[in-house]
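Take a look at the structure below.
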Amino acid sequence: MHHTLRNWRHHPELRLLGLALPLELAWEGAQLPLYTLWREHDWGYILFSLAHCTAGDLLILLACHILVALLARNRFWFYGQILLTGTVFTLSGMAYTIYSEIANAGPTGSWEYTEQMPVIPLLGIGMTPLLQWLLIPPVLLWLMRRPAK
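First residue of the sequence shown? That's 6 in this note's numbering, and the numbers climb one at a time after it.
Written out as structure tokens, the structure reads:
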């Protein structure tokens, strides 16, 4: 067990989560004021929401990685040609985000946007969650391809 923990960077799933945590936490923290919970709840609930959303992001990333690993039959798929696999990785996260935002945003859902949230007209979803899943996965792939130290 100790050997495994010391070399966590050599396990792609753990490395993905370790590299993603600060990126997802920063993004979630930056976009929180675009949701009404920022105005309507106390700091305890806001911090819980930040942790909850960040953990959800990490689970989505892990599921996307596993999906691509199963399709490529290789847990280390990000070291190869990543045009197709990287696209599947990114688009699967975006697809889930579109579904989740449509299902959860708005007066009848789990969260609501403030008037500052830019909304994509045809979809009716916030632009920042979609940008999150357009920008962070490629950055993670770049980081993952760098040699583990």
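We treat Cβ as the ideally placed atom computed from N, Cα and C, and that holds for glycine.
Between the C-alpha atoms of residue i and residue j, what's the straight-line distance to the nearest angstrom?
{"i": "L73", "j": "F94", "result": "Residue identity check: residue 73 is Val in the sequence provided, not Leu. Their backbone Cα atoms lie some 6 Å apart in a straight line."}
{"i": "H16", "j": "G23", "result": "11 Å"}
{"i": "R150", "j": "I87", "result": "10 Å"}
{"i": "P142", "j": "G114", "result": "26 Å"}
{"i": "W32", "j": "R78", "result": "31 Å"}
{"i": "G91", "j": "G131", "result": "23 Å"}
{"i": "E45", "j": "I51", "result": "9 Å"}
{"i": "C69", "j": "S105", "result": "15 Å"}
{"i": "C58", "j": "P123", "result": "19 Å"}
{"i": "M6", "j": "L19", "result": "Note that M6 scores 47 on pLDDT, short of 50, meaning its location in the model is unreliable; the coordinates nonetheless yield the value given after this. M6 and L19: Cα-Cα distance of roughly 14 Å."}
{"i": "G85", "j": "A100", "result": "24 Å"}
{"i": "L148", "j": "I103", "result": "25 Å"}
Consult DSSP for residue i and reduce its assignment to one of helix, strand or coil.
{"i": "G98", "result": "helix"}
{"i": "G131", "result": "strand"}
Since residue i contacts residue j with CB under 8 Å, what's their CB separation in whole angstroms?
{"i": "A25", "j": "L63", "result": "6 Å"}
{"i": "I125", "j": "L139", "result": "With 8 Å as the limit, I125 and L139 do not qualify as a contact, their Cβ atoms being about 12 Å apart."}
{"i": "L21", "j": "L145", "result": "7 Å"}
{"i": "G98", "j": "L66", "result": "7 Å"}
key: Those runs of the alpha helix (DSSP H) which lie wholly inside the region 47-89 and span at least 4 residues   = 48-77
Three-pair Cβ contact test at 8 Å for the region 32-47 versus the region 118-132 = yes
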